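Since the structure comes first, as structure tokens, the remarks are kept for the end.
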Amino acid sequence: MIFVYFLPRIVDFGEVWATIRAMTWLELATLAALAAWNQATYVLVEMSARPGLGSGQALKITQTSTAITNTLPGGAALGAGLQSAMYVSYGFAPPDIAISLTLTGTWNTFAKLGMPIVALALLAIAGQANGGLVAVSVIGLGILVGAILAFAMILRSERGASVVGRRLGALVSFLARVLGRSPRPDWSTAAVDFRRRIIALLRTQWAALTVAIVISHITLYLVLLLALRHVGVSNDAVSWQQALASFAFVRLLSAVPITPGGLGVVELGLTATLVAAGGEEALVVAAILIYRLLTFVLPIPIGAISYLLWQRELRRLKPSFARTDL
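Just so you know, numbering that gives the first Met the number 0 puts 315 at position 316 of the sequence shown, and the rest follows in order with no gaps.
In structure tokens form, the structure reads like this:
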């Protein structure tokens, strides 16, 4: 709908294609190299959250789950499920897998909520702040503070974790009875064990995980910024601070799973904000399409290949649930 109806009303796709064709091989190569590095940062994130995971294993896990997230409705949940299955095949215990997925998801959420705040501060320093971004940043700051406080409360004491587990268990038991299934007992003990494991992992990995997450988000933004510059959107038209604000706003918006991988939502959001900042329509759309090709489309076939490699590897692996680094 967005590509067929909305974008053609904003820009002439003939001009967009001409802009892309005018790019040099050097410009395309530098963009591809930066996009490849961005994909590599996901491996760093995965390895930081799960000590003992090999780089090749992490690469297959991240690329396969990304491909599912980008193509299927509810892909994020399906991707997490497949990630868990791949972890199990590599010998990791289910409780440790849950810890890793929880930490990476939580840290990514913190980054998405924090980036609009950073962008607002940079725009304010440059004298380019506007009311819309202020509102988004205030909302993001409120949610971020609330999320951090909630996370801290869960980790603060065994009693708090036990209460959370008991209440969650009561809710799950109720839903299980409604569905005619047997409820799982002792969520309280499981929550306390979950707290112990997550504290043990954070004690050694919080710095590495934080750095990896920050690098991952920054390099993704740099792919967009480099695409803008390579197609001819100058810093006078759209400053790097404005590009960061646009990126941060759309990343926060795409956290709501409206479409697989934010398809359409990201393109329209970036187009609207970057054009409003002063970018020429054809150049902006060309940059966004290149950015999405490298960061959204290309990981799909790479993920499919990764899945096939894992399936072949799976035939030689014997799953073990005893492996743990905590």
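Beta carbons: idealized from backbone N, C-alpha and C, even for Gly.
A quick note: this is a predicted structure, and the numbers were derived from the prediction, not measured.
Could you compute how far the alpha carbon of LEU219 sits from the alpha carbon of ARG291?
10 Å
Contact criterion: CB-CB distance below 8 Å. Does VAL44 meet it with respect to chain C?
Reference to chain C is not applicable here, since this structure consists of a single protein chain.
Could you check which residue in GLU280, LEU102 and SER305 has the C-alpha nearest to that of GLU14?
Out of GLU280, LEU102 and SER305, GLU280 has the C-alpha closest to the C-alpha of GLU14.
Would you call THR23 buried or exposed, if buried means 16 or more other Cβ atoms sit within 10 Å of its Cβ?
exposed
Option nearest VAL210 by Cα separation, candidates VAL137, PHE109 and GLY141
PHE109
I'd like to know if the stretch 222-230 and the stretch 119-127 are in contact, where contact means that at least 3 CB-CB pairs between them fall below 8 Å.
no
Give every residue of the same chain whose Cβ lies closer than 8 Å to the Cβ of ILE197, excluding the five residues on either side of it in the sequence, and list them in chain order.
ILE98, THR101, LEU102 and LEU154
For VAL213 and ALA207, what's the separation of their Cα atoms in angstroms?
10 Å
Are the CB atoms of THR68 and PRO259 within a distance shorter than 8 Å?
yes
Going by C-alpha to C-alpha distance, which of ALA276, THR203, GLN204 and GLY261 sits closest to TRP326?
Shown here, the chain extends from 0 to 325; a query on residue 326 therefore has no answer.
Please look up how many angstroms separate the CB atoms of LEU81 and THR63, rounded, as I've assumed it's under 8 Å.
6 Å
Using alpha carbons as the reference points, say which of ASP95, ALA125, VAL137 and PRO93 lies closest to MET114.
For MET114, the nearest C-alpha among the options comes from VAL137.
Does DSSP put ARG202 in a helix, a strand or coil?
helix
Heavy atom of the ligand FAD less than 7 Å from the Cβ of GLU157, yes or no?
Although the ligand FAD was asked about, the structure shown includes no ligands whatsoever.
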